[in-house]
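Participant: Got a structure for you, questions after.
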Amino acid sequence: GAGVSQSPSNKVTEKGKDVELRCDPISGHTALYWYRQSLGQGLEFLIYFQGNSAPDKSGLPSDRFSAERTGGSVSTLTIQRTQQEDSAVYLCASSLVGQGGNTIYFGEGSWLTVV
Amino acid sequence: QKEVEQDPGPLSVPEGAIVSLNCTYSNSAFQYFMWYRQYSRKGPELLMYTYSSGNKEDGRFTAQVDKSSKYISLFIRDSQPSDSATYLCAMGGSQGNLIFGKGTKLSVKP
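Order-wise, the sequence lines are chains R and C.
Here this note's numbering is used: the first residue of the first sequence is 1, the next is one more, and so on.
Here this note's numbering is used: the first residue of the second sequence is 116, the next is one more, and so on.
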């Protein structure tokens with residue numbers, strides 16, 4: 001696609017429920033990233049994919065968080081048993097190749113509210 | 116010491132002013148320096164990209180990198196209300212992921 005596409009754009013869920021956030025990167029981009037941005041906070045790195053593998057998942061905050069990428073394209077970030085502190089904007093980004101000085105392009109984010 | 120430090124502001128200036136946004140960093144391995152602009156409830160968009168030290172100009176925007184001082188700047192000339200946004204610096208080396216600053220919130224008053 002023309003840009004990084006994320007869905008849903010907004011999600012309100014009850015505490016304890018599972019949520020899935022989807023990211024469709026720019027066509028041809030091999031690298032995909034998930035970040036989290038809380039109100040007034042900077043970008044918190046969660047996980048990086050190169051192709052379908054995740055060489056760096058060091059930023060996932062707990063084992064309630066997982067992500068996968070299939071076909072070298074679409075990625076899903078899953079949060080199990082959501083907690084109120086999970087409320088944030090989840091941003092997906094992609095780049096032509098991974099890491100180094102490659103420019104990353106962001107989607108508009110999925111705004112998650114846990115009530 | 117954090118890897119990247121950025122004053123969160125907020126910074127409020129009158130229309131037409133010159134704006135200076137800055138970041139400092141501690142990792143001498145950083146070679147790539149970027150500025151992203153983020154409007155409210157939008158994703159960050161790349162504004163400027165520089166490699167190593169020096170200046171880069173694009174219209175009203177100038178990015179400056181001083182590797183000896185580990186200091187980068189973004190200057191906005193003739194600032195407009197449409198420049199009101201949060202500006203994030205980002206940097207990285209040949210390995211590893213980009214490291215982002217926390218962002219500076221800028222408001223340009225008409």
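Note that the Cβ used here is the ideal one computed from N, Cα and C, for glycine as well.
1) What residues in the segment 209-224 of chain C have a beta carbon less than 7 angstroms from any beta carbon of chain R?
2) Chain C partners of T103 (chain R), CB-CB under 8 angstroms?
3) Below 8 angstroms, can you find three or more Cβ-Cβ pairs linking the segment 118-130 of chain C to the segment 47-59 of chain R?
4) Express the C-alpha separation of C92 (chain R) and R64 (chain R) in angstroms, rounding to a whole number.
5) Give me the chain C residues within the contact set of Q50 (chain R), using Cβ-Cβ distance strictly less than 7 angstroms, ordered along the chain.
6) F77 (chain C) and A205 (chain C): beta carbons closer than 8 angstroms?
7) At a CB distance below 9 angstroms, what residues from the segment 169-193 of chain C approach chain R? Give them in sequence order.
8) Report the neighbours of G158 (chain C) on chain R: residues whose CB is nearer than 7 angstroms to its CB, in chain order.
9) Cβ closer than 8 angstroms: which chain R residues qualify as neighbours of L126 (chain C)?
10) Leaving out five residues before and five after C138 (chain C) in sequence, what residues of the same chain have Cβ atoms less than 7 angstroms from its Cβ?
11) Just the chain C side, please: which residues come within less than 7 angstroms of Q41 (chain R) by C-beta, in chain order?
12) Going by other Cβ atoms of all chains shown within 10 Å of its Cβ, with 16 needed for buried, is D198 (chain C) buried or exposed?
Facilitator: A quick look at the data gives this:
1) S209, Q210, G211, N212, L213, F215, G216, K217, G218
2) M149, L161, Y164
3) no
4) 18 angstroms
5) Going along chain C, no residue has its Cβ under 7 angstroms from Q50 (chain R), so there is no contact; the nearest lies around 11 angstroms.
6) Residue 77 (chain C) cannot be examined here, being either before or after the span of chain C that is shown, 116 to 225.
7) none
8) L91, F106, G107, E108, G109
9) Neighbours of L126 (chain C) on chain R: none; closest Cβ ~15 angstroms, over 8 angstroms.
10) V119, E120, Q121, I187, C204, G216
11) K217
12) buried
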